[in-house]
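Residue numbers (the UniProt record's numbering), protein chains in the order written: chain A, 1 to 187; chain B, 1 to 187.
Cβ coordinates follow ideal geometry from the N, Cα and C atoms, glycine included.
Please read the structure below before turning to the comments.
Protein chains: 2
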Amino acid sequence: MQDLLRIHIEKIVPLSDEEFAVVSSYFTPKKYKKHQFLIQEGEAVAYNYFVLKGLLKLVYTDDTDKSHIVGFAMEDWWESDFRAFYTQSKATMSLECVEDTEVLCLTLEDYRKLCNAIPKMERFFLEKAYFGFIAAQQRIISTMTSSTKERYTQLLEQHPALVQRVPKSLLAAYLGVSRETLSRLSP
Amino acid sequence: MQDLLRIHIEKIVPLSDEEFAVVSSYFTPKKYKKHQFLIQEGEAVAYNYFVLKGLLKLVYTDDTDKSHIVGFAMEDWWESDFRAFYTQSKATMSLECVEDTEVLCLTLEDYRKLCNAIPKMERFFLEKAYFGFIAAQQRIISTMTSSTKERYTQLLEQHPALVQRVPKSLLAAYLGVSRETLSRLSP
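In structure tokens, the structure reads:
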């Protein structure tokens, strides 16, 4: 199962068997059931998660108790409340299983040790961070300039497997529209 | 003037005089007048820019020719059309001077050479990329959950110097409201 991590990393930096053994030693596997929380708002965020199997939703709850879906994560994706993780502050979001999920967990301390032990892993994380930033900026632009129908079409083009798999009510919460509005947009 | 770059980098990684001389050798200084373009939509993006002096706006123009301000950059900030820069594709945004501006320019090739020459610079760029990503994610959440007045107040709290300095018409375009609506929100 950890092979998925190796394939994922080697898309950016090649690793010898010895190097991957070192990388792998910093991660702890965990399993969660559907509806379980990996991160709860208001609590400490111990890990950055690499998803081996399953589906997660990252949720922000506003002052009026309304839930907004900030993002999803499935196989081969990283997810956390990154601000809370990197600044070691309390979570402002929750991370919850939409399906039974298996993850590899990395603490901030082990992340730093890993980068010291295998410096080229810093290049890997740098590239992931850049493309995370670019995707977030594209989403900001899309929110500023596109209709809900256009944003739905973009999501379908970029992540067809995700759209297939995520319950329609959650897709609606991600796009910021009602379930009924989304039904009218679906092809 | 390049001292600003050294102070900026040393907030994250310390540099010896020799190391900073190497870092500095990869940057080219350039000066632009108000209204000049550093990046034009549809053209190649040669540089990532570190702002020494002045004020820039990053603009996305939609299919109906409406301009949306994606971000601003002033002293001590980095700016580019990052997607176009890192993927060496054509710009989908423009970067234009709001004031006379002085920048240090870094090509993608020199960025890679710099990271190879001084590997700890990778840590510096990694931290900038993380916090860029976190800021973009916070902005997505803010757009999902906050009123224009709340977003204006947040901007004022986070970047008071920027709000003072940016013409009100541009602030309105950044917040996605009319100049009149913004006037009603200003304290």
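Checklist entry - What are the start and end residues of each continuous beta strand (DSSP E) run of 3 or more residues lying completely inside the UniProt domain "Cyclic nucleotide-binding" (15-114) of chain A, in chain order? => result 28-32, 37-39, 48-53, 55-61, 67-74, 94-97, 101-106
Checklist entry - Per DSSP, what kind of secondary structure is A:Gly132 in: helix, strand or coil? => result helix
Checklist entry - Name the residues in the region 104-133 of chain A whose C-beta lies less than 7 Å from a C-beta of chain B; which are they? => result Pro119, Glu122, Arg123, Phe125, Leu126, Ala129, Tyr130, Gly132, Phe133
Checklist entry - Grouping DSSP H, G and I as helix and E and B as strand, with all else coil, what is A:Val163? => result Here A:Val163 sits in helix by DSSP.
Checklist entry - Can you tell me the Cα-Cα spacing of A:Thr61 and A:Ser94, whole angstroms? => result 8 Å
Next on the checklist: With H, G and I counted as helix, E and B as strand and the rest as coil, what does DSSP make of A:Ser183?
Outcome noted: helix
Next on the checklist: Distance cutoff 8 Å, beta carbons only. Does B:Asp76 sit that close to anything in chain A?
Outcome noted: no
Checklist entry - Count the other CB atoms within 10 Å of the CB of B:Asn48; is the residue buried (16 or more) or exposed (fewer)? => result buried
Checklist entry - So which residues on chain B does A:Gln138 lean against when the C-beta distance must stay under 8 Å? => result Arg83
Checklist entry - Out of curiosity, what's the CA-to-CA distance linking A:Thr153 and A:Lys57? => result 20 Å
Checklist entry - Going along the chain, which residues of the region 138-167 of chain B sit with their C-beta nearer than 9 Å to a C-beta in chain A? => result Gln138, Arg139, Ile140, Ile141, Thr143, Met144, Thr145, Ser146
Checklist entry - On the three-state DSSP scale, how would you describe B:Lys149? => result Note: B:Lys149 maps to helix in three-state DSSP.
Next on the checklist: Strictly under 8 Å for the Cβ-Cβ distance: is A:Asp65 near chain B by that measure?
Outcome noted: No, its Cβ sits nowhere closer than 8 Å to a Cβ of chain B.
Checklist entry - Are at least three pairs of beta-carbons, each pair with one atom in the region 78-97 of chain B and one in the region 35-54 of chain B, less than 8 Å apart? => result yes
Checklist entry - I think A:Ala172 touches A:Leu182, with their Cβ atoms under 8 Å apart; what is that distance to the nearest whole Å? => result Contact holds; Cβ gap of about 4 Å.
Checklist entry - Beta carbon of B:Leu104, beta carbon of B:Pro29: below 8 Å? => result yes
Item to check | Partner residues on chain B for A:His68, Cβ-Cβ distance less than 8 Å | outcome: Ile141, Met144, Thr145
Checklist entry - Does the beta-carbon distance from A:Gln158 to B:Ala136 come in below 8 Å? => result no
Next on the checklist: Alpha carbons only, please: which of B:Asp100, B:Ile134, B:Leu108 is nearest the one belonging to B:Ser89?
Outcome noted: It is B:Leu108.
Next on the checklist: So, with DSSP's three-state summary, where would you put B:Lys120?
Outcome noted: helix
Checklist entry - Since A:Ile7 is in the alpha helix (DSSP H), which residue starts that stretch and which ends it? => result 3-10
Checklist entry - Is there at least one Cβ from chain A nearer than 8 Å to B:Tyr49's Cβ? => result No - not a single Cβ of chain A is within 8 Å of the one on B:Tyr49.
Item to check | Pairwise C-alpha distance: A:Val166 and A:Leu185 | outcome: 16 Å
Checklist entry - Roughly how many angstroms separate the alpha carbons of residue 253 of chain B and B:Ala161, rounded to a whole number? => result Residue 253 of chain B lies beyond the stretch modelled for chain B, which goes from 1 to 187, so this question has no answer here.
Item to check | Pair within 8 Å by beta-carbon distance, A:Leu52 and A:Leu4 | outcome: In this structure, A:Leu52 sits near A:Leu4, with a CB-CB distance shorter than 8 Å.
Checklist entry - By the criterion of Cβ-Cβ separation under 9 Å, what are the contact partners of A:Tyr60 in chain B? => result Contact note: A:Tyr60 reaches chain B through Ile141, Met144, Thr145, using a C-beta cutoff of 9 Å and chain order.
Item to check | Inter-stretch contact (C-beta, 8 Å, three-pair minimum) for the region 114-122 of chain B and the region 15-23 of chain B | outcome: Touching, per the Cβ criterion.
Item to check | When A:Lys66, A:Thr101, A:Leu126 are compared against B:Tyr86, the one with the closest alpha-carbon | outcome: A:Leu126
Next on the checklist: For the region 26-37 of chain B, list every residue whose C-beta sits within 7 Å of some C-beta in chain A, in sequence order.
Outcome noted: none
Item to check | Test: A:Gly42 CB closer than 8 Å to a CB of chain B | outcome: no
Next on the checklist: Could you check whether the Cβ of B:Gly176 sits closer than 8 Å to any Cβ belonging to chain A?
Outcome noted: yes
Next on the checklist: Considering only the alpha carbon of each residue, which of B:His68, B:Glu102, B:Gln40, B:Gly42 lies closest to B:Gln2?
Outcome noted: B:Glu102
Item to check | Three-state class that DSSP yields for A:Ser178 in the structure shown | outcome: DSSP places A:Ser178 outside both helix and strand once states are collapsed to three, so it counts as coil.
Next on the checklist: As a quick exercise: from A:Ser142, A:Phe50, A:Ser147, pick the residue whose alpha carbon is nearest that of A:Glu79.
Outcome noted: A:Phe50
Item to check | Alpha-carbon spacing of A:Ala44 relative to B:Ile9, whole angstroms | outcome: If you take the alpha carbons of A:Ala44 and B:Ile9, they lie about 29 Å apart.
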